[in-house]
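Per UniProt numbering, the very first residue in the sequence shown carries number 1; after that it's consecutive.
Worksheet for the structure shown next.
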Amino acid sequence: MTLVIGDITVSLDGFVDGPDDGVEAIHAWALRSDDPVDRGVLERHVAASGAVVMGRRTFDDVDRGWSDGMGYGATVDARPPFVVVTSSPPAEHRLAATHTFTFVTDGPATAIRRARAAAGDRDVFVMGGGALVGSCLRDGLLDELRLHLAPEVLGGGTPLSTGAGRQQLQQASVEVSRTCTHLTYRGRR
1 MTLVIGDITV
11 SLDGFVDGPD
21 DGVEAIHAWA
31 LRSDDPVDRG
41 VLERHVAASG
51 AVVMGRRTFD
61 DVDRGWSDGM
71 GYGATVDARP
81 PFVVVTSSPP
91 AEHRLAATHT
101 FTFVTDGPAT
111 AIRRARAAAG
121 DRDVFVMGGG
131 ALVGSCLRDG
141 LLDELRLHLA
151 PEVLGGGTPL
161 STGAGRQQLQ
171 QASVEVSRTC
181 THLTYRGRR
């Protein structure tokens, strides 16, 4: 069964990026860590990814600095289709020749439907940003929420979620590395 998984890194004070939009510090677990727990989490996520949904700001970050060694897209077999939720699709982008991007202008529910169709029997990962994950959580579109809790206090930035309302999730697992605590929660869809 295909799961829809919100997957995002968050600081100890609840931000998915800092005041200067920088994300590198909280993503050390994915970008620089050699910890076997971090590597295992990332490898499992890549292997399970049938499609990835992201917002426009995350797409712009990916299109600027994507590296096939950074996670999703690490191998040709693990390079899933990407669905971008945006109000204005770009006229062109750097990765057009090597990656499949579909731009959806009518919201997260449509993006997830398209991603599910593309994912086959693999999972759909909603990887950011915070507004997109928050709206998917609010609208009951997630089967799981996976938070990668970085040991950083950013002091401001983009919050994990705004307007999602109060929800009770079920804690499913915790994995601890030297650089991150990986938390999985099950939604109540």
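For glycine and all other residues, C-beta sits at the position ideal for the given N, C-alpha and C.
Computed from a predicted structure; not experimentally measured.
With residue i as the anchor, note down where its beta strand (DSSP E) starts and where it stops.
{"i": "ASP7", "result": "4 to 10"}
{"i": "ARG186", "result": "181 to 186"}
{"i": "ALA150", "result": "Looking at the DSSP string, ALA150 is not in any beta strand (DSSP E), and its letter there is neither H nor E."}
{"i": "THR86", "result": "THR86 -> no beta strand (DSSP E), and no H or E assigned at all."}
Classify residue i: buried if its beta carbon has 16 or more other beta carbons within 10 angstroms, exposed otherwise.
{"i": "PHE15", "result": "buried"}
{"i": "SER161", "result": "buried"}
{"i": "THR179", "result": "buried"}
{"i": "ASP77", "result": "In this predicted model, ASP77 has a pLDDT of only 45, less than 50, meaning its place in the structure is not dependable; the value taken from the coordinates is given anyway. Burial call: exposed."}
{"i": "MET54", "result": "buried"}
{"i": "LEU12", "result": "exposed"}
Any heavy atom of the ligand COA closer than 7 angstroms to the beta-carbon of residue i?
{"i": "ALA30", "result": "The ligand COA is absent from the structure shown, which contains no ligand whatsoever."}
DSSP three-state label for residue i, please.
{"i": "PRO159", "result": "strand"}
{"i": "SER135", "result": "helix"}
{"i": "ARG57", "result": "helix"}
{"i": "ALA111", "result": "helix"}
{"i": "ARG166", "result": "coil"}
{"i": "GLY128", "result": "strand"}
{"i": "ARG178", "result": "coil"}
{"i": "ARG146", "result": "strand"}
{"i": "ALA91", "result": "coil"}
If I'm right that residue i touches residue j with Cβ under 8 angstroms, what's the distance once you round it to whole angstroms?
{"i": "GLY165", "j": "GLY50", "result": "Their Cβ separation, rounded to whole angstroms, is 29 angstroms, which puts GLY165 and GLY50 out of contact at 8 angstroms."}
{"i": "ALA111", "j": "VAL85", "result": "5 angstroms"}
{"i": "ILE26", "j": "ARG146", "result": "Their Cβ separation, rounded to whole angstroms, is 14 angstroms, which puts ILE26 and ARG146 out of contact at 8 angstroms."}
Would you verify that the beta carbon of residue i is, or is not, closer than 8 angstroms to some beta carbon of chain D?
{"i": "LEU183", "result": "Within the model displayed, chain D is absent; a lone protein chain is all it includes."}
(message) Give the list of continuous alpha helix (DSSP H) stretches no shorter than 4 residues that lie fully inside the segment 17 to 46.
(response) Qualifying alpha helix (DSSP H) stretches, in chain order: 28 to 31.
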